[in-house]
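Trainee: Residue numbers (the working numbering): 3 to 346.
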């Protein structure tokens with residue numbers, strides 16, 4: 003049986019434990035420029051000090067109109083990449099590895115005057131109706147993803163996570179609810195996502211893991227289910243995804259992370275296990291996994307390879323260290339002058 007505080011290796015990335023800080027938007031950019039601030043550096047570095055094995059920096063967007071809000075991070079210019087580099091360096095100093103989530107909000111970009119999407123379908127009655135991207139514009143969007151990945155690599159990240167969940171742009175393409183196109187991107191709902199992944203791989207070192215966040219089900223009539231998600235993951239695995247980060251929801255306004263069925267701890271864990279078993283690939287489980295004993299059981303029962311702890315780690319940056327003590331498992335604690343202590 004595995005343990006939460008055991009090390010984990012994925013291609014060229016060696017993690018000291020199985021604890022992950024998932025990407026959670028801080029909405030704390032100043033001047034709407036997409037550049038990380040001192041807040042971001044402190045936020046992420048403090049979780050590294052607190053013993054987290056892998057830190058995934060919040061969704062960093064490939065263009066200004068791709069942000070959820072104007073106060074979200076970007077990766078469309080070098081100043082933003084330099085800011086990401088400062089976060090990476092700070093986290094590395096305290097023993098954590100760093101990935102960054104790269105994405106585009108599509109029709110859920112609240113600050114865009116006219117959002118873009120696969121098809122001109124609004125998220126709900128309160129949202130703006132997006133403009134459908136042309137085929138040529140989609141090709142240009144793939145290029146923007148590739149350029150953002152290249153900037154992240156230059157910033158020194160240990161892994162890349164492409165955001166294909168929660169109703170954002172890539173999810174919008176592979177969902178039958180939101181992709182009503184008649185071109186190739188409508189006939190093959192994974193085509194856009196696969197092109198993004200292929201473009202990302204082209205600018206990443208061979209040893210760097212490529213991760214992808216996927217909503218395993220949409221909780222909506224006419225949306226895809228876990229069995230459909232397995233097919234989507236297989237298609238993306240063939241383009242080089244090394245690990246899937248399993249979440250759910252995002253396209254149905256009344257369901258997912260803001261409503262049913264996410265009413266109990268670990269409600270998404272069975273989905274992670276099913277995808278892991280179906281395609282034989284490492285997965286991250288996420289969703290109300292606040293209890294250390296529960297998180298440890300997920301690893302021990304081989305439901306998932308890594309456990310992402312979100313809300314609990316927002317409340318307590320030292321969650322990983324406290325979990326190691328409560329579980330009587332060894333983990334490393336960064337100390338003064340670069341000295342590392344082991345704690346049980």
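Think of the CB as a built atom: it goes at the ideal place given N, C-alpha and C, for glycine as much as any other residue.
These figures come from a predicted structure and were not determined experimentally.
#1: Going along the chain, which unbroken runs of the alpha helix (DSSP H) with 4 or more residues stay wholly within the segment 161-224?
#2: Does the distance from the C-beta atom of residue 54 to that of residue 315 stay below 9 Å?
#3: Can we count residue 252 as close to the ligand GTP, meaning its CB is less than 8 Å from some heavy atom?
#4: Identify the residues that DSSP records as bridge partners of residue 57: which are they?
#5: Among 107, 127 and 113, which residue has its Cα nearest to the Cα of residue 119?
#6: Which one or two residues does DSSP pair with residue 133 in a beta bridge?
#7: What is the DSSP secondary structure of residue 6, reduced to helix, strand or coil?
#8: What residue range does the alpha helix (DSSP H) around residue 286 cover?
#9: So if DSSP puts residue 296 in a beta bridge, which residue, or which two residues, is it bridged to?
#10: Could you tell me how far apart the beta carbons of residue 99 and residue 17 are, in whole angstroms, since I believe they sit closer than 8 Å?
#11: Between the alpha carbons of residue 205 and residue 198, how many angstroms are there, rounded?
#12: Over what stretch of residues does the beta strand (DSSP E) that includes residue 247 continue unbroken?
#13: Would you please verify whether the beta carbon of residue 249 is less than 9 Å from any beta carbon of chain B?
#14: Within this structure, are the beta carbons of residue 75 and residue 31 separated by less than 9 Å?
#15: Inspect the CB distances between the segment 268-277 and the segment 298-307 and report whether three or more fall short of 8 Å.
#16: In chain order, what residues of the same chain have a beta carbon less than 8 Å from the beta carbon of residue 232, not counting five sequence neighbours either side?
#17: What are the start and end residues of the alpha helix (DSSP H) that includes residue 271?
#18: Would you call the segment 51-70 in contact with the segment 307-325, where contact means no fewer than 3 C-beta pairs closer than 8 Å?
#19: Can you list, in chain order, the residues of its chain whose CB lies under 8 Å from that of residue 223, leaving out five sequence neighbours each side?
#20: Please classify residue 231: does DSSP put it in a helix, a strand, or coil?
#21: Taking the beta carbon of residue 326 as the centre, do at least 16 other beta carbons fall within 10 Å, making it buried, or is it exposed?
#22: In whole angstroms, what separates the C-alpha of residue 160 from that of residue 244?
#23: According to the Cβ coordinates, are residue 312 and residue 26 closer than 9 Å?
#24: Spell out the partners DSSP gives residue 15 in its beta bridges.
#25: Quick check on this structure: which residue in 61, 247 and 177 has the alpha carbon closest to the alpha carbon of residue 230?
#26: Figure out for me which residue from 77, 112 and 47 has the closest Cα to the Cα of residue 95.
#27: Distance, Cα to Cα, residue 2 vs residue 140?
#28: Would you please state the rounded distance, in angstroms, between the beta carbons of residue 90 and residue 150? I believe it to be under 8 Å.
#29: Answer yes or no: do residue 226 and residue 195 have a C-beta to C-beta separation smaller than 9 Å?
Mentor: In brief:
#1: Fully enclosed alpha helix (DSSP H) runs of 4 or longer: 171-176, 186-189 and 193-204.
#2: On the chain shown, residue 54 is found 52 positions in, with the first residue counted as 1. On the chain shown, residue 315 is found 313 positions in, with the first residue counted as 1. Yes, the Cβ-Cβ distance between residue 54 and residue 315 is below 9 Å.
#3: This structure simply doesn't include the ligand GTP, nor any ligand for that matter.
#4: Numbered from its first residue, the chain shown carries residue 57 at position 55. Answer is 23 and 100, bridged to residue 57.
#5: As a working mapping, residue 119 is identified with position 117 in the chain shown. Of 107, 127 and 113, the residue nearest in Cα terms is 107.
#6: By 1-based counting over the chain shown, the position of residue 133 is 131. Answer by DSSP bridge pairing, in chain order: 118.
#7: Counted from its first residue, the chain shown places residue 6 at position 4. Correct three-state label for residue 6: coil.
#8: Indexing the chain shown from 1 puts residue 286 at position 284. Looking at the DSSP string, residue 286 is not in any alpha helix (DSSP H); the run it does join, the beta strand (DSSP E), is 285-288.
#9: Counting from 1 along the chain shown, the entry for residue 296 is found at position 294. Looking at the DSSP output, residue 296 shares a beta bridge with no other residue.
#10: As a first step, residue 99 must be located in the chain shown, where it is residue number 97. As a first step, residue 17 must be located in the chain shown, where it is residue number 15. The beta-carbon distance between residue 99 and residue 17, rounded to whole angstroms, is 6 Å. This is short enough to meet the 8 Å contact definition.
#11: Position 203 of the chain shown, counted from the start, is the residue given in the question as residue 205. Position 196 of the chain shown, counted from the start, is the residue given in the question as residue 198. The straight-line gap from Cα to Cα measures roughly 11 Å.
#12: By 1-based counting over the chain shown, the position of residue 247 is 245. Element bounds for residue 247: 245-249.
#13: Among the protein chains of the structure shown there is no chain B, as only one such chain exists.
#14: Numbered from 1 along the chain shown, position 73 holds the residue referred to as residue 75. Numbered from 1 along the chain shown, position 29 holds the residue referred to as residue 31. Against a cut-off of 9 Å, the Cβ pair of residue 31 and residue 75 comes out as a contact.
#15: The segment 268-277 is in contact with the segment 298-307.
#16: Residue numbering aside, residue 232 sits at position 230 when the chain shown is read from its first letter. Contacts found: 276, 277, 280 and 281.
#17: Residue mapping note: residue 271 aligns to position 269 of the chain shown, counting from 1. Run containing residue 271: 271-281, per the alpha helix (DSSP H) assignment.
#18: Yes: the two stretches touch, three or more of their Cβ pairs being nearer than 8 Å.
#19: The count along the chain shown starts at 1 and reaches residue 223 at position 221. Cβ within range, chain order: n/a, list empty.
#20: Your numbering for residue 231 matches position 229 in the chain shown. Assignment of residue 231 by DSSP, reduced to helix, strand and coil, places it in the helix class.
#21: Numbered from 1 along the chain shown, position 324 holds the residue referred to as residue 326. Residue 326 is buried by the Cβ-count criterion.
#22: One-based indexing of the chain shown puts residue 160 at position 158. One-based indexing of the chain shown puts residue 244 at position 242. Separation of residue 160 and residue 244 (C-alpha to C-alpha, rounded to the nearest whole angstrom) is 13 Å.
#23: Locating residue 312 in the chain shown gives position 310, counting from the first residue. Locating residue 26 in the chain shown gives position 24, counting from the first residue. Their beta carbons are under 9 Å apart, which means residue 312 touches residue 26 by this criterion.
#24: In the chain shown, the residue the question calls residue 15 occupies position 13. DSSP lists 12 as the beta-bridge partner residues of residue 15.
#25: Residue 230 sits at position 228 when you count from the first residue of the chain shown. Among 61, 247 and 177, the Cα nearest to that of residue 230 belongs to 177.
#26: Within the chain shown, numbered from 1, the residue matching residue 95 stands at position 93. Of the candidates 77, 112 and 47, the one whose C-alpha sits nearest the C-alpha of residue 95 is 47.
#27: In the structure as shown, the chain begins at 3 and stops at 346. Residue 2 is therefore absent and cannot be evaluated.
#28: Position 88 of the chain shown, counting from 1, holds the residue named residue 90. Position 148 of the chain shown, counting from 1, holds the residue named residue 150. Contact between residue 90 and residue 150 is absent: CB atoms are separated by about 15 Å, not below the 8 Å threshold.
#29: Here residue 226 refers to the residue found at position 224 when the chain shown is read from its first residue. Here residue 195 refers to the residue found at position 193 when the chain shown is read from its first residue. In this structure, residue 195 does not lie closer than 9 Å to residue 226 by Cβ.
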